[in-house]
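The next block holds one structure in the form of C-alpha cells; read it before the comments.
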Amino acid sequence: MSKRADYEEKATELILPIVEQNGFELVDVEYVKEGSDNYLRAYIDKPGGIMIEDCEIVSRAFSDLLDEKDFISESYILEVSSPGLGRPFRKDKDFQRNIGEEVEFKLFSPVNRKKDYVGILKAFDSETITIEFENGEESQFERKNLAIIRQTVYF
Numbered sequence: 000m001s002k003r004a005d006y007e008e009k010a011t012e013l014i015l016p017i018v019e020q021n022g023f024e025l026v027d028v029e030y031v032k033e034g035s036d037n038y039l040r041a042y043i044d045k046p047g048g049i050m051i052e053d054c055e056i057v058s059r060a061f062s063d064l065l066d067e068k069d070f071i072s073e074s075y076i077l078e079v080s081s082p083g084l085g086r087p088f089r090k091d092k093d094f095q096r097n098i099g100e101e102v103e104f105k106l107f108s109p110v111n112r113k114k115d116y117v118g119i120l121k122a123f124d125s126e127t128i129t130i131e132f133e134n135g136e137e138s139q140f141e142r143k144n145l146a147i148i149r150q151t152v153y154f
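Residue numbers are given in numbering that gives the first Met the number 0: position 145 of the sequence shown equals residue 144, and the series is strictly consecutive.
Written out as C-alpha cells, the structure reads:
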C-alpha cells in the first residue's frame, strides 16, 4: 500500500466516528501534495448542506486525534469542508447519492461523435452508467471512458 493510501485509510478510521456522531456523512478523505505543501482533506456532507460550524466541530475533534496518533511523518495542512457543488464523482457512493439527479460528463473517446453529455443518472454498476436524456431515451456508457462526471450546477 502506498504512503498516501495508508494515510487516507488511517485518517478515515479516525474521522468516521466523529462524522457519524454528529449526524454527517463522510464523502471522502484525501492526502495530496500541492506545490510544496501536503494536505489532508476530509469532505463531509449532510442533507441541506454543510455549514462552516459543522466543519469546525469535526476539524477540532479530528485534529486532536491526529495529534494523538501522529501517524503522518511529514508536515501537512488539515482541511475539513463540504464536497462542493461541482466536485467530480470518484467513488460508488458519489454515483449512488446522485441517482435521479442531472449530471454532466465528458468522455475520453467520443460516442456518436460527441464527448460532452448531460442527462439524468438512472443507474450504475462497476462497468457502466445509465443516463436518461431529455428525449426520454436511455444510453449506457462505460465508466472507464469517463474523463469526468459530476452533478450539473447552474448559477
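Note that the Cβ used here is the ideal one computed from N, Cα and C, for glycine as well. Computed from a prediction, not measured in an experiment: that's the story for all the values here.
Residue i in three-state terms, based on DSSP
| i | result |
| --- | --- |
| Val-152 | coil |
| Ile-43 | strand |
| Asn-134 | coil |
| Asn-37 | strand |
Enclosing alpha helix (DSSP H) for residue i [first to last residue]
| i | result |
| --- | --- |
| Phe-94 | 91 to 96 |
| Tyr-6 | 2 to 20 |
| Ser-58 | 51 to 68 |
Exposure of residue i, with buried meaning 16 or more beta-carbon neighbours within 10 Å
| i | result |
| --- | --- |
| Ala-41 | buried |
| Gly-118 | buried |
| Glu-155 | There is no way to answer for residue 155, as the model of the chain reaches only from 0 to 154. |
| Tyr-30 | buried |
| Val-152 | exposed |
| Phe-61 | buried |
Terminal residues of the beta strand (DSSP E) in which residue i lies
| i | result |
| --- | --- |
| Glu-100 | It is not in any beta strand (DSSP E) - Glu-100 carries neither H nor E in the DSSP assignment. |
Pair within 9 Å by beta-carbon distance, residue i and residue j
| i | j | result |
| --- | --- | --- |
| Asp-93 | Leu-106 | no |
| Arg-142 | Ile-128 | yes |
| Lys-9 | Lys-68 | yes |
| Phe-140 | Asp-91 | no |
Next item on the list: For the stretch 46 to 56 and the stretch 16 to 25, state whether three or more C-beta atom pairs, one from each stretch, are separated by less than 8 Å.
Entry: yes
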